[in-house]
Each structure stands twice: as C-alpha cells, then as structure tokens.
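Student:
Numbering (this note's numbering), first residue to last: 105 to 296.
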C-alpha cells in the first residue's frame with residue numbers, strides 16, 4: 105500500500121471515529137421528549153400502566169391496550185389527528201398521552217379536538233351517547249408551564265361557572281403535566 109492510500113484510510117478512520125463519538129454524545133442527550141424514544145417507552149405496558157396510575161390514581165384498570173401512535177382521519181376535508189400514544193383500558197376508557205415540547209399557543213383547543221376525535225372512535229352509528237366511556241387527554245410539557253402557576257399537574261373537567269361544585273359529568277378530563285413546576289403538588293415519582 106502506498107503512502108497516499110494509507111493517509112486516506114487514516115483520514116476515513118478518524119472521520120468515522122468523530123462521527124461515532126458525535127452520535128454517542130447525541131444519544132446520551134436524547135431524553136423522553138424525543139418522539140421516537142417517547143413512543144418506544146410508552147409501548148411498554150408495565151411502564152405505561154405505572155405512569156397512568158400516577159397521573160390518574162382513581163382510574164381502576166388491570167390491562168391497557170396500547171395503540172401507540174394512532175392516526176384518526178374521518179374525512180378528506182376534515183382535520184385529522186395523530187395521537188402520540190392512544191390507549192384503551194379493558195373497560196373502554198380512552199387515554200391519549202401527548203408529549204408537547206413547545207407551546208404553540210393552541211394547546212387547549214388541540215386538547216378539546218383530541219377528546220372529540222377519541223370520542224368519534226368510541227360510538228358506532230345508532231348507539232346511545234350513554235355508551236361513551238370516559239376519555240382522558242394528558243399533555244406532558246417537559247420545558248414550559250402552560251398556565252404559569254408553578255403546578256406540576258393541572259386537571260380540567262367541565263364545571264359550571266355559576267356553581268363550581270356542579271360538574272357536567274360528561275366523562276372528559278384533560279390533564280397538563282408541567283415538568284418545570286415548582287409547587288409541592290404531586291409525589292416525587294411523578295415529578296421525576
């Protein structure tokens with residue numbers, strides 16, 4: 105082998121090592137907010153069950169059916185959705201879990217739409233609305249506090265403005281988890 109070929113091979117080897125080192129550094133810094141990593145972790149039923157139990161301790165279930173990333177389109181001219189994680193309990197409740205890394209300004213409306221799209225998959229034509237099961241939309245915000253109150257968990261249900269003790273009881277709950285929270289409002293495991 106001549107000197108020029110050896111130098112080329114050494115350069116290629118050095119570049120390859122630099123690329124591998126950079127990939128290793130990036131891999132080490134990827135967190136759960138990465139779409140691929142979040143999706144893979146949430147496919148583990150035991151981990152997902154533990155997370156759901158921490159977020160919704162009053163929801164009783166033994167098994168979750170994980171649909172993973174699920175796309176729902178109900179017509180060519182109607183806005184569809186792609187749920188990050190879509191889950192059914194064995195009794196029919198739906199749980200949508202979304203990772204939101206930036207505040208787009210429309211997240212409350214998006215959550216409203218997600219509830220309606222999840223509901224659209226629950227009720228076949230001709231069935232009574234009473235057949236709708238409870239629906240939960242959980243938004244995980246790792247880097248911003250959507251409401252600026254320092255809470256780790258904001259839970260929303262439909263309540264009467266004139267009499268806040270009256271809940272509509274429509275079966276919908278929207279939860280925003282704020283990893284940047286400062287309050288002492290959830291247990292340490294959920295904070296982590």
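Even for Gly, the Cβ is constructed at its ideal location relative to N, Cα and C.
Nothing here was measured: the structure is a model prediction, and the numbers come from that model.
Within this structure, are the beta carbons of residue 237 and residue 260 separated by less than 9 Å?
Tutor: no
Student: In this structure, how does DSSP classify residue 107 when only helix, strand and coil are distinguished?
Tutor: helix
Student: Along the chain, where does the alpha helix (DSSP H) that runs through residue 156 open and close?
Tutor: 149–159
Student: Can you list, in chain order, the stretches of the alpha helix (DSSP H) that have 4 or more residues and sit fully within the segment 201–270?
Tutor: 211–224
Student: Taking just the CA atoms, how far does residue 166 sit from residue 244?
Tutor: 23 Å
Student: Is the Cβ-Cβ distance between residue 199 and residue 240 less than 9 Å?
Tutor: Cβ atoms of residue 199 and residue 240: closer than 9 Å.
Student: Any contact between the segment 182–197 and the segment 213–226? By contact I mean 3 or more CB pairs, one from each, below 8 Å.
Tutor: yes
Student: Along the chain, where does the alpha helix (DSSP H) containing residue 145 start, and where does it finish?
Tutor: Residue 145 -> alpha helix (DSSP H) spans 139–145.
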